[in-house]
Every structure is written in C-alpha cells, then in structure tokens.
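Quick notes on the structure that follows.
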Amino acid sequence: MEKKKEMVFITVIGEDKKGIVATVATYLYHQNINIIDINQRIMPDGCFVMSMFVDVCDATVNMEELSLGLEKIGQELAMSVQVQHENIFRMMHRI
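Dropping the structure here:
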C-alpha cells in the first residue's frame, strides 16, 4: 500500500543566478524529499521566481528543520525562501 503524500509548497524569489534549481533540488534530495511539481521563470525585471510542490512523507527532517535548511540556502543565495504545509497554503489561497 502506497503511503499518503504529505505535500509542502516552497517558493524561492530573488535575483536570477546560476545554480538555484540545482542547489534547492540537491538539498531536497539529501533530505529524501520528492519534487512532485516545479515551475520557474525569470520576470522581465530579472527576478527569478520558483514554486515547488514536494512530498515530505519520507523526509529525514521535520517541517522546522526543512524550513531552517531552506532558509539557510536562501541566505547563501541571497534569495527569499518560503515553506508552507499544503493545508496552510490551501487555506490561505482559498477562493
């Protein structure tokens, strides 16, 4: 029987540079987190915007550790990184 997915929404925003997707994806891989969906684009002003839905059901870290790890990566890349559990994300974006 397949485990129920536990989804988390991640956003990364900041000045475009090489290695953003690779850095975040590598971190998630090392935490045993599966990327379910990813979108990224460069806005006309050069701002990089990436959103990801990831499955944390088999993660080796809890939500707090995940948030802190991605926050550290955000600081290293000089970017804003936000992490929200799917339930919170859906409640905040309810129409």
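Residue 1 is where the sequence shown starts when you use full-length UniProt numbering, and the numbers rise one by one after that.
Glycine included, C-beta positions come from ideal geometry on N, C-alpha and C.
Can you tell which of the options has its C-alpha closest to the C-alpha of residue i?
i	options	result
isoleucine 20	Val49, Gln82, Val8	Val49
asparagine 34	Lys3, Gln82, Glu71	Lys3
serine 51	Lys18, Lys17, Ala25	Ala25
alanine 59	Ala22, Thr23, Thr11, Tyr29	Tyr29
lysine 5	Ile73, Cys57, Leu77, Glu71	Cys57
Using beta-carbon positions only, say whether residue i and residue j come within less than 9 Å of one another.
i	j	result
methionine 79	glutamate 15	yes
phenylalanine 9	glutamine 75	no
aspartate 55	isoleucine 36	yes
threonine 23	isoleucine 73	yes
CB-CB under 8 Å to residue i, same chain, minus the five flanking residues each way: which ones, in chain order?
i	result
glycine 69	Tyr27, Gln31, Val61
methionine 43	Val49
Going by the DSSP bridge assignment, what does residue i pair with across the sheet?
i	result
asparagine 62	DSSP, once it has assigned bridges, lists no residue as partnering asparagine 62.
methionine 43	Note: methionine 43 sits in no beta bridge, so no partner.
isoleucine 38	Met52
Can you list, in chain order, the residues of its chain with a C-beta nearer than 7 Å to that of residue i? Leave out the 5 residues immediately preceding and following it.
i	result
serine 67	Val83
glutamate 86	Met7, Val8, Phe9
phenylalanine 53	Met7, Phe9, Ile36, Asp37
Here's a check: name, in chain order, each residue in its chain whose Cβ is nearer than 6 Å to the Cβ of residue i, leaving out the five neighbours to either side.
i	result
isoleucine 13	Val49, Ser80
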